[in-house]
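Residue numbers (our numbering): 38 to 255. One structure is given here, and the rest of the page talks about it.
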Amino acid sequence: MVLGVFGAGGFGREVLETVKQIQIKEERWERVIFIDDVTTEKRVNGIEVVRYLQFKENYGVDDARIFIAIGEPANRYKLWQLLKVDGYTLETIIHPNVWIPDTTKIGEGSYVGGNAFVSCNVTIGDNSLFMPCASIGHDSVVGNHCVCSDMSNIAGNCLISDYSFLGLNSVIKENVFIARWTIVSLGSAVLRDIEEEEYIVCGVPARKMQQNTEHKVF
């Protein structure tokens with residue numbers, strides 16, 4: 038099986054390092070290739086870079102799996118739609134030093150980075166990123182196409198709805214609901230439900246700052 042890492046930027050290179058650690062434990066993929074339609078580089082960190090059309094011509098849906106290495110929820114969702122229309126299965130990547138309880142579910146195409154803590158009876162949806170040193174407590178749910186940044190901390194019984202982005206060092210109090218397309222700014226503490234969609238929240242405690250109908254994080 039060939040692994041296509043879609044995105045040869047900074048996060049793509051971080052994913053590559055996780056892939057190397059997995060390969061030491063078990064040789065899951067015969068070959069790893071970067072897919073990138075923007076860069077002009079032919080190789081990145083020793084790995085071949087190809088355009089998506091070239092990858093699709095060379096590797097069919099039975100020969101390859103793809104991981105989306107892009108940190109913007111809206112762009113992750115667009116690529117997910119494209120790849121699903123083309124029939125690809127997305128690879129789920131979990132760093133080998135992370136323990137996933139058997140009562141926890143990690144969705145298709147999602148990522149769990151090194152030194153993350155994932156508790157029991159947790160659900161992380163499809164195509165979501167749970168970055169290094171992030172933490173999630175029991176019975177919490179992260180939806181589809183979400184990004185939980187490094188050292189973000191989700192307490193127990195929380196619901197993080199689809200397309201949400203939790204910034205570095207953000208904290209979500211127990212039993213809190215966060216609506217779709219929410220951006221929690223870095224270092225913020227969400228102590229109450231965020232019921233309206235498409236808002237940026239910031240501060241300690243976090244308050245709504247402005248709407249983000251364009252769904253842009255970066």
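Just so you know, even glycine gets a beta-carbon here, dropped at the ideal spot from N, CA and C.
Quiz item: Hey, how far is the Cα of Val238 from the Cα of Arg244?
Solution: 5 angstroms
Quiz prompt | Counted within 10 angstroms of its Cβ, other Cβ atoms place Phe255 as buried (16 or more) or exposed | solution = exposed
Quiz item: Along the chain, where does the alpha helix (DSSP H) that runs through Leu90 open and close?
Solution: It spans Tyr89 to Asn95 - the alpha helix (DSSP H) in which Leu90 sits, taken as one unbroken run.
Quiz item: In the structure shown, what three-state DSSP assignment does Leu196 receive?
Solution: strand
Quiz item: So what's Phe48 in DSSP terms, helix, strand or just coil?
Solution: helix
Exercise. For the alpha helix (DSSP H) containing Arg113, list its first residue and its last residue.
Key: Pro110 to Val122
Quiz prompt | The beta strand (DSSP E) enclosing Cys170, as first and last residue numbers | solution = Taken as a continuous stretch (DSSP letters only), Cys170 belongs to no beta strand (DSSP E), as it is neither H nor E.
Practice problem: Mark Trp117 as exposed unless 16 or more other C-beta atoms lie within 10 angstroms of its C-beta, in which case mark it buried. | Solution: buried
Self-check item: Stretch-stretch touch, CB-based, cutoff 8 angstroms, three pairs: the segment 168-187 with the segment 152-160
Solution: yes
Quiz item: Expressed to the nearest angstrom, what Euclidean distance is found between the alpha-carbon atoms of Tyr125 and Val98?
Solution: Going from the Cα of Tyr125 to the Cα of Val98 covers about 5 angstroms.
Quiz item: Who pairs with Asn190 in a beta bridge, going by DSSP?
Solution: Ser172 and Val208
Quiz item: Could you give the distance in angstroms between the alpha-carbon of Met38 and the alpha-carbon of Val227?
Solution: 42 angstroms
Quiz prompt | Cβ contact check for the segment 76-87 and the segment 98-116: 3 or more pairs under 8 angstroms | solution = Cβ pair count under 8 angstroms is below three, so no.
Quiz item: Whole-angstrom Cβ separation of Gly108 and Leu166, contact assumed at under 8 angstroms?
Solution: Confirmed, about 7 angstroms.
Exercise. Tell me whether Asn164 is buried or exposed, calling it buried when 16 or more other Cβ atoms sit within 10 Å of its Cβ.
Key: buried
Practice problem: Pull up the distance between the alpha-carbon of Val52 and that of Val42, whole angstroms please. | Solution: Take the alpha-carbon of Val52 and the one of Val42: they are about 8 angstroms apart.
Exercise. Throw me the rounded Cβ distance for the Gly193 and Gly174 pair, which I believe falls under 8 angstroms.
Key: Approximately 4 angstroms separates the beta-carbon atoms of Gly193 and Gly174; this is inside 8 angstroms, confirming the contact.
Self-check item: Helix, strand or coil at Leu228 according to DSSP, with G and I counted as helix
Solution: coil
Self-check item: Rounded separation between Met246 and Tyr148 - CA only
Solution: 29 angstroms
Quiz prompt | Cβ neighbour criterion (16 or more within 10 Å) applied to Trp136 | solution = exposed
Quiz item: Hey, quick one: how far does the beta strand (DSSP E) through Lys245 stretch, first residue to last?
Solution: Arg244 to Gln248
Self-check item: Helix, strand or coil at Glu85 [DSSP, three-state]
Solution: In this structure, Glu85 counts as strand in the three-state DSSP scheme.
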